[in-house]
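Q: If you read the sequence shown in the working numbering, its first letter stands for residue 7, the second for the next number, and so on.
Yeah, the Cβ is synthetic: ideal placement off N, Cα and C, and Gly gets one too.
Have a look at the structure that comes next, please.
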Amino acid sequence: MTPAAALRRIAFLLERAREPTHRVAAFRTAAAVVDALPEGELERRIATRTLTDLRGIGPKTGTAIVQAHAGEVPEYLARLEDAYAELVPLADDVAGFRAALRGDLHTHSDWSDGGSPIREMAEAAIALGHEYMALTDHSPRLTVANGLTAERLERQLDVVAALNEELAPFRLLTGIECDINTDGSLDQTDELLGRLDVVVASVHSDLRAESAAMTERMLAAVENPHTDVLGHCTGRLLIPREQREGRRQRPRPESAFDAEAVFSACVEHGTAVEINSRPERLDPPLRLLSLAVELGCSFAVDTDAHAPGQLDWQSNGCERAVETGVDPDRVVNTWTADELLEWTAS
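Structure (structure tokens):
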């Protein structure tokens, strides 16, 4: 078990045991820190006893990391599994759900606000056993994330085509995380959106709008024939996160909208609801995810990865899917690439 996986399993058991939220968040945050370390840095930190100098890693999480890195089951995890033995089968169900996923439909590269080249992201997906990965860099309106203009996106399509020739049978799917404008339109030309394999539509601005306005905005995007996946629907941030150029983003509450109306529209128009696996998002919240299940939505369990190590975050989303009774057959990235592309094309 890798250190990050051990930390996530600890967080999983703490959350299911109804332990305080800050304790769960501490282990999720530490897992995110470990995932983001460059190659060799974890070993160096352990050897020099500077692991807890990293923001987000404390004595308890640091000890668990060191023990897992040595090939041991961390003592803290062993105690939890003894104390909450009835929760361990649920953890095994999560592993089975994760094994059913064939790919990831929401990822970023250094073409927008990701930290790694496209090839490195694709090779990390291959190493995880993915059959495909959708590259969904940001659209032009999100300038803070270096969103792609139409011209840059067209160039990226050529890069993806060339990589697919080299990486076959793995498939790198063309895509975009497209901003939902305040009027509900999508932030890219219809012609380009029609050429992409996967379109994730997300709200990134005016997140504190009135519920009625936000609902109309989201409904328009969900009804757009180009939209395949509704990304991180509430826009919440549970814990602080680091951004480009050293900026630190504070926690943020959910946006207000009529979830029943939006999820019902997703069912009607064949738009999947994203189960976003980023530890600072975990979006939608469990109560809304349960509502989406009840209404009959389809889902995409995505990482929203901005670095290769973050592609392993899908287990976070799988935990929530298992807890709320999501049927794996209703998760579009359990389908083969051909089945997925037939669905997005329709």
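(1) List, from N- to C-terminal side, the alpha helix (DSSP H) runs of 4 residues or more that fit wholly inside the region 160 to 216.
(2) Quick one: Cα of serine 145 to Cα of aspartate 308, how far?
(3) When the Cβ atoms of the region 314 to 327 are set against those of the region 120 to 130, are three or more pairs found closer than 8 Å?
(4) Tell me which same chain residues have a C-beta within less than 7 Å of the C-beta of aspartate 193, skipping the five on either side of it?
(5) For the alpha helix (DSSP H) that contains tyrosine 82, what are its first and last residues?
(6) Less than 8 Å separating the beta-carbons of phenylalanine 33 and leucine 48?
(7) Nearest to alanine 262 by alpha carbon, out of Ala278, Glu274, Ala219, Thr277?
(8) Report the CB separation of leucine 96 from isoleucine 16 in whole angstroms; it is logged as a contact under 8 Å.
(9) Could you work out which residue in Ala36, Leu93, Met139, Asp264 is closest to glycine 68 when comparing CA atoms only?
(10) Smallest Cα separation from proline 334: which of Asp310, His312, Gly302, Ala311?
(11) Which whole-angstrom value is the C-beta distance of leucine 163 and alanine 207, which I expect to be below 8 Å?
(12) Among His114, Ala215, Ala23, Gly62, whose alpha-carbon lies nearest the alpha-carbon of proline 246?
(13) Return the CA-CA distance between glycine 241 and arginine 293, expressed in angstroms with no decimal places.
(14) Skipping 5 residues on each side, what residues in its chain have a beta carbon closer than 8 Å to that of serine 352?
(15) Is isoleucine 63 helix, strand or coil when you go by DSSP?
(16) What is the residue span of the alpha helix (DSSP H) that glycine 102 lies within?
(17) Enumerate in chain order the residues of its own chain whose CB-to-CB distance from threonine 180 is below 6 Å, with the five nearest sequence positions on each side excluded.
(18) Along the beta strand (DSSP E) that carries threonine 5, what are the first and last residues, could you check?
A: Let's see:
(1) 196 to 201
(2) 18 Å
(3) yes
(4) Ser145, Pro146, Arg147, Cys184, Asp185, Asn187
(5) 81 to 89
(6) no
(7) Ala219
(8) About 14 Å separates the two Cβ atoms, so there is no contact after all.
(9) Ala36
(10) Gly302
(11) Contact flag wrong, Cβ pair sits at about 19 Å.
(12) Gly62
(13) 15 Å
(14) Gly276
(15) coil
(16) 94 to 106
(17) Leu163, Val166, Leu202, Asp203
(18) Past the edges of the chain, shown from 7 to 352, lies residue 5, and the structure says nothing about it.
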